Every structure is written in structure tokens, then in C-alpha cells.
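Enquirer: Just passing along the structure, written as C-alpha cells.
Protein chains: 4
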Amino acid sequence: MHGNKHLFIPGPTNVPEQVRQAMNIPMEDMRAPDFGAFVSDLLDDMKKAYRLENGRVFIFPSSGTGAWESAITNTLSEGDSVLMSRFGQFSLLWVDMCERLGLNVDLCEVEWGKGVPVEEYAAKLAADKDHKIKAVFATHNETATGVSSDIAGVRAALDAANHPAMLFVDGVSSIGSIEFEMEKWGVDLAVSGSQKGFMLPAGLGFLGVSEKALAANASNNQKMNRCYFSFEDMIALNDTGYFPYTPATQLLRGLRVSLDMMLDAGMENIWSRHTFLAEGVRKAVDAWDGCELVARGPEWASDTVSAIYAPEGVDARDVIGTAYNKYQTSLGTGLNKLMGKAFRIGHLGSLNPVMLCGAISAAEMALRDSGAKIKAGSGVAAAQEHYRSK
Amino acid sequence: MHGNKHLFIPGPTNVPEQVRQAMNIPMEDMRAPDFGAFVSDLLDDMKKAYRLENGRVFIFPSSGTGAWESAITNTLSEGDSVLMSRFGQFSLLWVDMCERLGLNVDLCEVEWGKGVPVEEYAAKLAADKDHKIKAVFATHNETATGVSSDIAGVRAALDAANHPAMLFVDGVSSIGSIEFEMEKWGVDLAVSGSQKGFMLPAGLGFLGVSEKALAANASNNQKMNRCYFSFEDMIALNDTGYFPYTPATQLLRGLRVSLDMMLDAGMENIWSRHTFLAEGVRKAVDAWDGCELVARGPEWASDTVSAIYAPEGVDARDVIGTAYNKYQTSLGTGLNKLMGKAFRIGHLGSLNPVMLCGAISAAEMALRDSGAKIKAGSGVAAAQEHYRSK
Amino acid sequence: MHGNKHLFIPGPTNVPEQVRQAMNIPMEDMRAPDFGAFVSDLLDDMKKAYRLENGRVFIFPSSGTGAWESAITNTLSEGDSVLMSRFGQFSLLWVDMCERLGLNVDLCEVEWGKGVPVEEYAAKLAADKDHKIKAVFATHNETATGVSSDIAGVRAALDAANHPAMLFVDGVSSIGSIEFEMEKWGVDLAVSGSQKGFMLPAGLGFLGVSEKALAANASNNQKMNRCYFSFEDMIALNDTGYFPYTPATQLLRGLRVSLDMMLDAGMENIWSRHTFLAEGVRKAVDAWDGCELVARGPEWASDTVSAIYAPEGVDARDVIGTAYNKYQTSLGTGLNKLMGKAFRIGHLGSLNPVMLCGAISAAEMALRDSGAKIKAGSGVAAAQEHYRSK
Amino acid sequence: MHGNKHLFIPGPTNVPEQVRQAMNIPMEDMRAPDFGAFVSDLLDDMKKAYRLENGRVFIFPSSGTGAWESAITNTLSEGDSVLMSRFGQFSLLWVDMCERLGLNVDLCEVEWGKGVPVEEYAAKLAADKDHKIKAVFATHNETATGVSSDIAGVRAALDAANHPAMLFVDGVSSIGSIEFEMEKWGVDLAVSGSQKGFMLPAGLGFLGVSEKALAANASNNQKMNRCYFSFEDMIALNDTGYFPYTPATQLLRGLRVSLDMMLDAGMENIWSRHTFLAEGVRKAVDAWDGCELVARGPEWASDTVSAIYAPEGVDARDVIGTAYNKYQTSLGTGLNKLMGKAFRIGHLGSLNPVMLCGAISAAEMALRDSGAKIKAGSGVAAAQEHYRSK
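Residue numbers (my numbering), protein chains in the order written: chain A, 3 to 392; chain B, 3 to 392; chain C, 3 to 392; chain D, 3 to 392.
Structural data, given as C-alpha cells:
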């Protein structure tokens, strides 16, 4: 093995050099007098990345899965009804968690390749005159299928029904990469993690919480048991600039730099950059005979990850294995029912066109090695022409 | 500020250069074909550090607090009776967690400066003929007071009473530093974290689990709700060398190197090194007029952290603040009822005599600046003589 | 600017992560008792990379230019006649140095695109019955034109003429990358540097010196003035494992790791890897309409760098500027008479096919942006098919 | 070995974390379009650290020894008379270089422990009516003996004699640490290196050159042979922001940060900080029975390094060896005639009082281990009281 390994999974993403430098540090005292101001600024700036005016963002030493659990256990009670939809491995796991935590899930099954069924949600919300539904769950970006959903549409459905349910969003692979407006869209709980758009190693779970969700936490006497992920402990200490237990300071120092990079760039510019980069990958997929996106139409295609069906007769696992073993390139695997059928190219975070030309080349070579009849260079040629257009 | 900052809190501890190098890496795919073998070896070697033959060690992206929660929620049920003792901020927080999670705590209050009341435990266990007590909790090393407890003694008490309760140990600031024998002592659940004896940044919670505790998890149908910290998910994936959610790979790569360093050194040698280093600090404290250990006698004094009462009339917060602001040295603060009365010197992890002579000098200068009538250089002179003795 | 910058100049080359880790260190004492053994091993292993049984390799804190100067000033005298050839910017600069240092240069001018004129050398050596020529200079790899020369052929010419002149080789961009056999080829002085095949940052100049050259140094009483680059001082201290002045210890620690990587891989495998990678770039150039190698035929084409004529009417500076500014990719510039006409792709050091597919894509996009009528993706398609073939 | 190694030699010095971060980078193109502006700013700021309004500072990939050679070979001719003094290993080596380069050295031998004999210089300059002396050499800080000389005094002597000789200063271990005013003092050539006050790894030689020295270079037709270290090549390229050969870019990126730190702190503050830190070490030496500074009086004592005579009967090599092997602490060795008699503590660069308390403790323990009858803790107690005084 020589040269760089190439990482094109939908998270962990590539860490910018500045962030890597910022994490190359000795340890520090998380109770130092000047640590509190550092944390307070960081929490404020996290709200900017979340586009949240009011409310809070919590930072847990955890993965995004932990932030999911925090969102649920702090605001809902066993037996509460929630509206969910399932169209990929991560929305599936979220449903699984809700069921295990004792929620009563009203589940919309959706074809994998499409996203949150806004109209079905609207109908159910309109029908729920008694407001039994306490929360509506929406996976903003289904990482397994490369599908983005219309969160603003879900909000509109709630508003149209004049429904008081909280809106939970899984933004793990969307926040910091594609358009996300927590305050404007009336999102109440928004989960993310360090290893995607925030361009850090895995290890931090983020949770944006609206004023309404904070009130739900404060007024609910039947909350589920939780300590590590409890809002109360975090609020009490965060208000002083500290944490209820030892925070992952190395990652926080990295987050300081990645947030600076993000806010300096401007969130809108980050979003449009992701669209531009993603479009090049999609042009490549279009150029590959027999390949197509798992996303069932451009309105669903995600700007952070493309899940791609291998051509008929080609095992996507061979493509992924060949890319890794022969070309030192990590592509995303096909999860659950996509296993063997699809592979994924992550195109979020710290990336640029030449990196993606490398990724597309690796996929192209691995596809041909695995028996696909695509034309050599066809994808990268299409991507190049797109990337040149700017 | 010029030169190194000096870190002498009882965790996070100083990270060895080799570990720091190992974390200076690009991100990687946690589903890569060769990642599983890496994880399997790591989990095996964690058992060696825990001195565990059977059972498992889990690695959570969390702090030690998360591992506490995992231990409880996976093996106990709401309303279960547990035997606990409280003699410092961390044993206090553990009691608090158990109460919040709905356990019925039989609590022994102990003077701060002493540790687990083995005889009181023994009496209670002997009296518990019906075996209502499902678990006995022991804080091995109370980080707030610099007190170590006799875990083997607790085991002996359980055995003497022929009591089937599980033995829970908080080893956050002991495992990897001072003598700890999970298998030999019959510990069922042993909590630790990355940022102490394991010489890593904070961000990983460790949980050693005995066969008996695994069986308790498997057979208990009234376990508390938990997903993130559930044993089942972790076992299912760990058995394949992977994790149920994105692991903190950067820290795992660092852990690989710190574990190698630890196992190469030999756990017994690590323990005796900690005793040797701690003894120098204690000699310094003895030499300081008016200072004394919070630990009420040598049998309680911890080899990983010394909590030290400032002399009468000296506010320990001044000592800590002066050390930090004037001497770039982080000492541990006095927590809870020790606030203002005591400061702490952490002496665990990647340390050596000259580093501790610096720490003692910083404390000495800060003490004198804060009004203590100790003799300049008295502590470091005593420590030097001890360190020369080897 | 987002994502990685891409470096495809013929040095400095990309530094492997292991080497980067090894340089992430605190400073150390270059007179420490254990430093000498470290240096001695390093010097021994440098000889293995040079394929030198006898003689020595010196490591100077300098660039390769300094090592050039050391070679000359330690073994030759003002007025000495030397046989040289000029066919690119670096052979040109070497001639310039020799003239400035007072040597009497017998110069063969060669068309840029070809290399050392072995037959002309042979004729001159045969004609030099009085052995006025003290040294024969050969640029093994002319970095400016992407041309490799036949050093074994030069040795054969010397042997055929039974000529005692020393053989000087500029191996800056060849040693550690393409076949180089110092002992077998009877090379007397061989210059290299850290930032090419040795995969380190710039800052170290290497000089391999044969027994014969050492003897020339020892016996020559008219050597030129030099201190910093003098053999005597270096020999005296190197023999004890130290240096006559402060060495660049950080780079030496990096060199330790890069040498380990090189010797573990095996020099022959490194050479064949460079051929394989270079061939992909050449296939791409072949596929680009109107582009061609500066090298005048496959026998001259270098496996470490390709100098490529831009198509008629395209300014190569536009290609390079566009690659850098629009595609974050550093290509090598056209030096001297190649300025505006040619650009270069470095393909030596720590590289792999997917990195080169990125480089070729960047060049391809920049060429089209600059008006070249090449077909999008044509080069990368050709390269891919080559890289798949292994 | 556990914990940090401690480095208290007079260079390489401890590298600040910010500088270390800045060197943790991928390689870059030293011919990139934006590299020139980076270099130009760096060269400008180097002049600020040198306190030079006019003239230039050159940065060579070399040690300070190379910069010595550059100063001489660019401005003097073989046979030129120079006035020098010798009072330690480094002034000795400088004399040696001058003699080897063919200069006619008028040498003042001075007792080791004193510095440049200003009055003797004054007398010789006054006597040199024909201005045969082309240059006056002064070692500002003799690193081997811990002695600083009066450069302003040498300038005054030149001025008093109205003598046109150039003033050469070895500022390797003074510039960036103790008061140095190149322009104000009329220094013509001032040598330094990266690994001392500039707080970088070794690998860069610095040379400040006055307008007068530049003119001497331009007008002198008998300059010595040199290419690598020639002013002309460096000037031609530096004027465009580039270098005549591959620069050590990693170190230049580190230098950017260390210069920022230095200029932000203010040179005067750096100088007074060094005095403050040095004074603590001297207090310790005073407190050690039987030890004394090599410097023959406070007027000679250097603020960057203290050379300390071990007590009668104690071999200083034992002290140094014990410090290194038992206490992981590098002290400076006794060079040349000081070998076995003295050891050195470097106190320049990125340091603070607690680090020096560690150094003093290490020396104290090693002294006692080696048989010195000093009182344990005596030195560190004296140092502490000094450091508290601020």
C-alpha cells in the first residue's frame, strides 16, 4: 500500500488539515477557569450552524445514535404515539429505537429510494384530531439510500393541520452539508454528529433543541429514565460553560476550528458547494451503462451521498471490495436490503472536484473489474465537464 | 504564556507522544474489511488490562459516566435494591444516578477521607438473608478525595455471606494505574474511561462485564430502557469486530498504542510505578507545614491522586487559581464540600519524577503566594530524596 | 478552498502518514548517549537504499544543491577538467555550478528531451589518453524534461576506455524511485535529497561517496575551500554516530521511518512500482490529442516525472495556473526554455493509481479550460485501463 | 521510560505547540503562485526579529554553521585579516573555520568564562591605521560557557577608531532570546539558526546582512568560491519571493508561526523574560554548595544558557548521564576543556518557571546521585522564590 487512502464513505468524512492541526494537542483541564468561555462560544456557534435562534445545541461525547436517544428520552414518555416513516437502514434503526423505548409508532412504509411521505404525514396529522401524535419523525437525509426529504414540507403539513406535535429530524448526514433551517422550519429536535458535515472524527453527538422541546422536557413528568443523556444535567452545567462529565476536549478543539471554517464560508455556500460536487457524481452515474441511483428521481437525490445500483449481474460487494483492496478507496457499502445491489459514494464534507474524480475513477475501475460493461472513463469524463463549468 | 502547560489533574492525563502520533491520522472507514480484526484484537487486549479472563470489555463512545449507566441499565431493574457508600463527589454522583434510575439504594454514609466501609458492607450482606440486595457498588478510587478502597475486601464480604449480589466497581481512576484484578476479585461490572490510566483523550467509556453480569443481562426481562448503551447491540456487532454505531476510530487507534505500551510494560510494573510516583507527592505533602492529605491514613491514600487540605486560613481556590494563572499548572479543584478547602495533584498516567517535581514546585509556589507558611522547596526536596531512592 | 490540495510536482513529494507521524515530536538532544546508535543505523541503511556496499552516505542539512557542492569541493580542484552534458534546467545548473567553482567543463550540448550522450562520452573518454578528465558528470534523471539517462552505459564507457575519472551522478529525482545501483555501476559520488523518493519534506541533502571518492578526498591537497560540506568533519563525527553541527533531528526521525518503509518494500519493488505508475501517465498523454512527452522516445522517458508539451496554441502556464487555482492541484512548471510550452506531472514517491487518476483529471480539465482540444476523460480512461491491468 | 522527556540543552529548544501544529502539514509546491508572497512576508518579519531596518536576512536550509560560512565566503577574500577572540567551543570553531577558509586571523585568547575583550579589540583597531583588518568577529553568546559579550561595546570600539571593518556576530544562541539590535549596533553579518530562540527544529540557518555587507559582497571580486551559500543567487530569487533551490517548506511554515508569536510578544518582552527565567537558574546555582557558573561574573552571565561547574570531585559527565538515564532530562554537556568539569542548563526559547523547576530538580537529584554535597531542594527553593517575585 502506497500513497493516500481514499475515503468516500458518507462519514466519517475527510478531516481538513486545519482541524487535524487543532487536534494535535496535549490534554487540558476541562475545569480550567478559561474553559467555560471557550465552551460558551462554541455552543453559541453551533446554533449558527444549526440555524437556530432560540433553544440550545447539546454536545454529547457519543455518536449520533446517542443524540437520537437523548432527543426521545428527554421529551417523550413510554406509550406516546409518534409518526414515523421507514425507507432505509437509518430510518429503520430509528424506528427500532423508538419501539424499544416503548413508543407507539405509527409507521409509514416507503419504497427505498424515496423519502418522508409528506402527503401521507399530512393526511395522518389532519386525521389526528385528538393530537395523540406527540412527535413526528423525519429522516432528513437517509444515508443508506442517498435520499433527502422535504423537512419544510413536513413542517407545512403540521401547520396545515394546526398540529402541536414536536418535529424530530435526523440530520446526521445533512446538517452542515445541505440546506437545513432549524428555526425557520420549526424543527424541535435535530440530531447530528461530528463525523459528517462537521468534518471531525466520530465521537461527538449533537442535538439541537427548540424552546418548545425544552418546555416539553421541563413539563413532562413521565420522561424516560436517562442520566447520561439528560437535558437537565447538561443545561445546568452548560449554562456555566462546563459539562456534567468529562467532555472530549480534543474533539471540541477540533470543532472550534471546523465551525470557524464553516461559518467563515457561510452555510449557504456550503450547501451550494455540496450540490455542485454531488451533481458531478450524478453525471458520472448517468454515464455508466446499467448503473442508476437508488434515489427514485432527482427530487429525492441527496447532495451528501449517492447510493448507486450496480448493473444487473454485478455484485456491489465486489465493487466495494475491489475498490478497497486494489485501489485503496473506501466506498460505502449497501446496507440491509441494498447489500450486494448498491454501493455508495459519500460526497460531503471536506472535498473538491479532483478528489471526486479520483473517487469516480476508483469506482469505475472497480466496476469494470467486477464485470460491469461501463465504458472506461465515461463517468469521470462527465464529472469533469460538470466541474469545469464553474 | 510561554512553554508547556502543566497538567496535574486526575484526568485527563498527559498523553504519551507515541499515542499522540497514533491519533495524528486521516479518517478511516469503520466498516472496512480489515477493521474487524483490529477491533477484535483491541477488545481482547482490553481484557488483559482489566485482568479479565472471561466476560467482555465494551468500549463506548462516551465518558465513564455513560459506562456507569450502561452497567446499571443492562443488569438491574427499577426498584432493585443496591448497597452503596458515599464518601466523595464521584461516589455521590453514582448514588445520584442510581436513585434517578429508580434503584432502591441502601446507602452507607462514610466520612470523606475514608472509602468503602467493608465491615459495614459485610454486616449488611450477612443480614440480607433474602438476597434483596441485587448489587453491591464500590468506588475503587474516589477521585475527589484521593481515597482507594479495598475491592478484594468487598469480594471477601460477599463470599463470607455467600451472597449472590453482583459487584459493581467504579474503576475510572484506578484501572490501568493501580492494582485491579477483575477476574480474581470477582468484579462483575467495572467502569473506566480513556482519559485516566489509559493515557488517552476523553471520549471512550470502558465497561468490563463478567460472565455472571452477562447472564444477568440475558436473563433479566425487566431491564431498564436503553439503546445506545445496550449490551445486546454491542455484543452482536463486537462479535464480528464492528460496532452498532460509528465508533471513535481516532481514539481507538490511540488506544491500540496505549494498550501496547501498557501490556509491554506489564500491569504489575504500572501499579508499582504509580505507587513510587505517588509516594513522592505524599512526602512533599508531609513536608508542607499545615497541609495534610484528605485521605484519613495511609491505608486510604490513593496512588493516582492526592487530595490535599490547604493550611488553615488558606483558600484552596487561590492555590489552584494561582497555579493556573501564574504558573500555567492545572491542579485539581476541591469538589463539593472540599471546595476551598482542598486541592488535588493527579499523579496517574504518563508521568515521571521530574514532571512531579515541577508539579510540586508549582503547588509550593502557589501555596506560598496564597499565604501558606510552608517552607520554600520543602516539598520538592522531600520528593527528590524519594525519587532518588530508586 | 475545500478538501485536500493535490501535489504532483516532481518533489517535494507526498509524505506518507507514518512519516508524518514520526515527525510529530518534541525536540531532542542530538548529543544524547543513545543518539549515536540511532544515527549509525540510519547511515548504514542509507547505504542500502543507495545500493552501496562500501563507501559512505553523508546526510547534510541542506538541499540537494548543497550535496552537489559537497561532491565537487571535496574531491576536485580548481582547473580540473570534467566531462558534462546539458539537456535540461538541472543539468544546466550543475554545469553552472562547476564553472563557478572553477572547473574546466568539457560540455556536450544535448537536445532537451534526450539525456546523457553515452556514445559522445565514450568517444571523448577514449580520446583522453592523458586522463585530463578528472570526473564525468551524469544527470540520472533530468527533472525538468522527464528524461532518464543510462548510468550503467556511462560506466561501461569509462571501463571501455579504461579511464580513471570519477563518476558523478545527480540522482536527486532518481534514487529511491528508479533503478539505481551505486556500487554495481561504479558511481563515485551520487547526490540526492529528502524530498523526492525518500518521501520527506525538503531539508536534507544526501551524498553517496565511493571508496575511490573518499580516497580522492584524502589524497587531494588542492581541494576547494569548504567547511560546512567538508567530508573530513562529517567523517570524524559520523564515525561516532554524531554530526559536526546540529543535525535536523526531526527530519532524521522521519527518514528513519521512510527508510524502513523503503527497505521493507524492497528497492526492486519500488522501482517497478514507479514504472507501473508512470506508464499510466504516459498512456494518458498518448490519449491527449496534440500533447506529447518532452522525452524524445520511450528509452528516455522517466519513471518519476513526465514533462508534457501542451498542444500547439495552448500556453502551458495557463494549464498549470488553472490546475492550481481552480483545481487545487500543483503541477510542475516548464522550466527555462520549456516555460509556456510544457507542464510536468510528478509521479514519484508515495502515490497510487487513484491519486494519479485525480492528477490526470486535473490536468485534463485544466487543458480543456486552457483551450486544448483533447477529449474529456480520454487520458484518465487510458490510465484506468492500465492501472486495472495489474 | 514514562512521561515527557525534558529538554534543557541550549538548543534545539522546546517547540511551542502552535509551531508543532503548523509543521503538521502535507507538502506543498515551493513554486506555487502564492508561495512568493508568503516568503516575502517572512523575510520582512525576520528583519524585525533581527532589528534590522535595511539590509536583508537570508534563510538557508542548513545549520548555523552554514550561515557562518556564507557570511565569510560572500564578503571576504583569502588572506584577509580578521580580528577574532576565542573563549569557548563555538568561538573556537569559528576561528577554525576562518583559518581553514584562508583568512589571516588576529586572535585574542580569552579565559573561558569571559567574552569578547572589548578593550583589547579597541586597542588593536586603533593600532590598525592601514585598516588591514577587514572584519571583526564577535561571538555574542558563547553557548559552551554561558557567556554573553558586549556587542554594542565592539561597535563603539570600531567607531572610536573610525575603523571600516565589518562587524560579524555569531548570534546563534542570542538572537530572538536576548537583546540584539542589528541596525542600532551596526552589525554587518549576524548568524543565527532555527533551533534556538526561534523555537523550531534545527534545519534553518539565518544570516542578517547589512547594506554595507551587501555592498562588500557586490564590490569584492576576490570572494571565495561558494554556490550553495552565495548571496547573489539568494538575492535574485528572494526578490521574487522564491529560493534558488528547494527550501525546507515545513520549517518555513513553522517559522511563520514562531515569528508571529515572537513579534506579537514583542522582542523587548522576550529579552526580559529570558533574563527573568535565567535569574532563577542562577539563584539555584548560587544555592548549590560547591557549584558555580563558568561565567566569571554577572556581567558575563548569559540569559540563554548557564554553564555550571560541578563541585570539586564530581564528574560533570556523571551528572549529565544520570539526568538523562535516570531522570529523562537532557542537560548540556561540557564541551572541550569543560568536559567532565561543567554541565549546562539551557534556558532559552519556549520555557516557563515550572519547567525550570523541573530542570533544576533534575540537576539537583543528578548532582546528589553523583556525589555532590549540595542540599536537596536548595536550588529549586531559591529559584521558586525568584519566580514567585513577579
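Glycine included, every Cβ here is placed at the ideal spot set by N, Cα and C. Owing to the predicted nature of the structure, the values given are computational and were not obtained by experimental measurement.
1. Taking Glu-2 (chain B) as the query, report the chain A residues whose CB atoms sit under 7 Å from its CB, ordered along the chain.
2. Return the residue from the list B:His-4, B:Phe-170, B:Pro-18 that minimises the CA-CA distance to Leu-257 (chain B).
3. Any beta carbon from chain D within less than 8 Å of Thr-306 (chain B)'s own beta carbon?
4. Can you pull the chain C residues whose beta carbon is under 8 Å from the beta carbon of Ile-11 (chain D), in chain order?
5. Going by C-alpha to C-alpha distance, which of B:Thr-248, B:Gly-268, B:Gly-373 sits closest to Gly-315 (chain B)?
6. Name, please, each residue of chain A whose Cβ falls closer than 7 Å to the Cβ of Thr-331 (chain C).
7. Can you list the alpha helix (DSSP H) stretches of 4 or more residues lying completely in the segment 279 to 354 of chain B, in chain order?
8. Restricting to runs no shorter than 4 residues, where is the alpha helix (DSSP H) found entirely within the segment 54 to 125 of chain A?
9. Using the Cα positions of Ala-192 (chain A) and Ser-42 (chain B), report the straight-line distance between them to the nearest angstrom.
10. Consider the Cβ of Arg-398 (chain C): report whether some Cβ of chain A lies at a distance smaller than 8 Å.
11. Output needed for Ser-150 (chain B): all residues of its chain with C-beta closer than 6 Å, excluding positions within five of it in sequence on either side, in chain order.
12. Does DSSP put Gly-155 (chain A) in a helix, a strand or coil?
13. Pick out whichever of B:Val-296, B:Ile-322, B:Trp-302 has its Cα sitting closest to the Cα of Tyr-311 (chain B).
14. Shorter than 8 Å from the beta carbon of Gln-252 (chain C) to some beta carbon of chain D?
15. Does Ala-374 (chain D) come within less than 8 Å of chain B when only Cβ atoms are used?
16. Is the beta carbon of Ser-65 (chain A) sitting closer than 8 Å to the one on Thr-248 (chain B)?
17. Is Arg-22 (chain A) close to chain D? Criterion is C-beta to C-beta, closer than 8 Å.
18. Excluding the 5 residues flanking Tyr-389 (chain B) on each side, which residues of the same chain have their C-beta closer than 6 Å to its C-beta?
19. Along chain C, in chain order, which residues have C-beta atoms closer than 8 Å to that of Cys-2 (chain A)?
20. What residue from D:Cys-100, D:Thr-145, D:Thr-141, D:Gly-155 has the CA that sits closest to Ala-125 (chain D)'s CA?
21. Nearest-angstrom Cα distance between Ala-204 (chain A) and Lys-339 (chain A)?
22. Compare the C-beta of Arg-284 (chain D) with all C-beta atoms of chain B and state if any pair is closer than 8 Å.
23. Which chain A residues are close to Glu-387 (chain C), counting only those with a beta carbon under 9 Å from its beta carbon?
24. Report yes or no: do the segment 103 to 121 of chain D and the segment 162 to 169 of chain D share at least 3 C-beta pairs separated by less than 8 Å?
25. Using only the alpha-carbon positions, how far apart do Glu-122 (chain C) and Met-86 (chain C) sit?
26. For a quick check, are the C-beta atoms of Leu-45 (chain D) and Ala-137 (chain D) less than 8 Å apart?
27. With three or more beta-carbon pairs closer than 8 Å as the criterion, would you say the segment 169 to 189 of chain A touches the segment 329 to 345 of chain A?
28. At the level of alpha carbons, what is the spacing between His-276 (chain D) and Gly-336 (chain C)?
29. Please tell me whether Arg-346 (chain B) has its Cβ less than 8 Å away from any Cβ of chain D.
30. So Thr-251 (chain B) is in the alpha helix (DSSP H); what residue range does that whole segment cover?
31. Quick check: the Cα distance between Asn-227 (chain D) and Lys-285 (chain C), rounded to an integer number of angstroms?
32. Does any C-beta atom of chain B lie closer than 8 Å to the C-beta of Tyr-326 (chain A)?
33. Return the chain-ordered list of same chain residues with a C-beta closer than 6 Å to the C-beta of Trp-302 (chain C), the five sequence neighbours on each side being excluded.
34. Which residue marks the beginning of the beta strand (DSSP E) containing Val-171 (chain D), and which one marks its end?
35. What does Glu-19 (chain C) touch in chain B if you count any residue whose Cβ is under 9 Å from its own?
36. Rounded to the nearest angstrom, what separates Pro-300 (chain C) and Asp-190 (chain C) at their Cα positions?
Expert: With the structure as the only source:
1. Lying outside 3 to 392, the shown extent of chain B, residue 2 (chain B) is not represented and no answer is given.
2. As a working mapping, residue 257 (chain B) is identified with position 255 in the second sequence. Per the Cα distances, B:Pro-18.
3. Residue numbering aside, residue 306 (chain B) sits at position 304 when the second sequence is read from its first letter. So no, Thr-306 (chain B) is outside the interface.
4. Counting from one through the fourth sequence, the residue named residue 11 (chain D) turns up at place 9. Under the 8 Å cutoff, chain C gives Asp-31, Arg-33.
5. For the purposes of this step, residue 315 (chain B) is identified with residue 313 of the second sequence, where counting begins at 1. Nearest C-alpha to Gly-315 (chain B): B:Gly-373.
6. Your numbering for residue 331 (chain C) matches position 329 in the third sequence. What Thr-331 (chain C) touches in chain A: Val-356.
7. 318 to 329
8. 66 to 77, 91 to 102
9. In the first sequence, residue 192 (chain A) corresponds to position 190, counting from 1. In the second sequence, residue 42 (chain B) corresponds to position 40, counting from 1. Cα to Cα, the separation comes out at about 33 Å.
10. Only positions 3 to 392 of chain C appear in this structure, which leaves residue 398 (chain C) out of reach.
11. To locate residue 150 (chain B), count along the second sequence from 1; it is residue 148. If we look at Ser-150 (chain B) and ignore the five residues flanking it on each side, its Cβ neighbours are Asn-143, Ser-304.
12. Position 153 of the first sequence, counting from 1, holds the residue named residue 155 (chain A). Residue state, collapsed to three classes: helix.
13. Numbered from its first residue, the second sequence carries residue 311 (chain B) at position 309. It is B:Val-296.
14. For the purposes of this step, residue 252 (chain C) is taken as residue 250 along the third sequence, with counting starting at 1. Chain D, which has a Cβ nearer than 8 Å to the Cβ of Gln-252 (chain C), makes this yes.
15. Here residue 374 (chain D) refers to the residue found at position 372 of the fourth sequence. With 8 Å as the cut-off, Ala-374 (chain D) does not count as an interface residue toward chain B.
16. Counting from one through the first sequence, the residue named residue 65 (chain A) turns up at place 63. Counting from one through the second sequence, the residue named residue 248 (chain B) turns up at place 246. Yes, Cβ-Cβ distance for Ser-65 (chain A) and Thr-248 (chain B) is below 8 Å.
17. As a working mapping, residue 22 (chain A) is identified with position 20 in the first sequence. Yes - at least one Cβ of chain D is within 8 Å of the one on Arg-22 (chain A).
18. For the purposes of this step, residue 389 (chain B) is identified with residue 387 of the second sequence, where counting begins at 1. These residues qualify, in order along the chain: Gly-282, Pro-355.
19. Outside the displayed range of chain A (3 to 392) lies residue 2 (chain A), so it cannot be described from this structure.
20. Within the fourth sequence, residue 125 (chain D) is the residue found at index 123, counting from 1. If we check each option's Cα against that of Ala-125 (chain D), D:Gly-155 comes out closest.
21. Position 202 of the first sequence, counted from the start, is the residue given in the question as residue 204 (chain A). Position 337 of the first sequence, counted from the start, is the residue given in the question as residue 339 (chain A). Rounded to the nearest angstrom, the two C-alpha atoms are 26 Å apart.
22. In the fourth sequence, counting from the first residue as 1, residue 284 (chain D) sits at position 282. It does not; no Cβ of chain B falls within 8 Å.
23. Locating residue 387 (chain C) in the third sequence gives position 385, where the first residue counts as 1. Result: Met-367, Arg-370, Ala-378, Gly-379.
24. no
25. By 1-based counting over the third sequence, the position of residue 122 (chain C) is 120. By 1-based counting over the third sequence, the position of residue 86 (chain C) is 84. Cα to Cα, the separation comes out at about 11 Å.
26. Here residue 45 (chain D) corresponds to residue number 43 of the fourth sequence, with the count starting at 1. Here residue 137 (chain D) corresponds to residue number 135 of the fourth sequence, with the count starting at 1. No, Cβ-Cβ distance for Leu-45 (chain D) and Ala-137 (chain D) is not below 8 Å.
27. Contact between the segment 169 to 189 of chain A and the segment 329 to 345 of chain A is absent, because fewer than three Cβ pairs lie under 8 Å.
28. Along the fourth sequence, one-based indexing puts residue 276 (chain D) at 274. Along the third sequence, one-based indexing puts residue 336 (chain C) at 334. In a straight line, the C-alpha of His-276 (chain D) is about 49 Å away from that of Gly-336 (chain C).
29. As a first step, residue 346 (chain B) is located in the second sequence; it is residue number 344 there, counting from the start. No, because no Cβ of chain D sits closer than 8 Å to the Cβ of Arg-346 (chain B).
30. Here residue 251 (chain B) refers to the residue found at position 249 when the second sequence is read from its first residue. The continuous alpha helix (DSSP H) containing Thr-251 (chain B) extends over residues 251 to 267.
31. Position 225 of the fourth sequence, counted from the first residue, corresponds to residue 227 (chain D). Position 283 of the third sequence, counted from the first residue, corresponds to residue 285 (chain C). Distance between the alpha carbons of Asn-227 (chain D) and Lys-285 (chain C) is about 46 Å.
32. As a first step, residue 326 (chain A) must be located in the first sequence, where it is residue number 324. So, interface residue.
33. Reading the third sequence from its first residue, position 300 is the one you call residue 302 (chain C). Cβ within range, chain order: Lys-116, Gly-117, Val-149.
34. On the fourth sequence, position 169 is the one that residue 171 (chain D) refers to. 168 to 172 is the extent of the beta strand (DSSP E) around Val-171 (chain D).
35. Counted from its first residue, the third sequence places residue 19 (chain C) at position 17. Result: Asn-26, Ile-27, Pro-28.
36. By one-based count along the third sequence, residue 300 (chain C) stands at place 298. By one-based count along the third sequence, residue 190 (chain C) stands at place 188. Using only the alpha carbons, I get a separation of about 28 Å.
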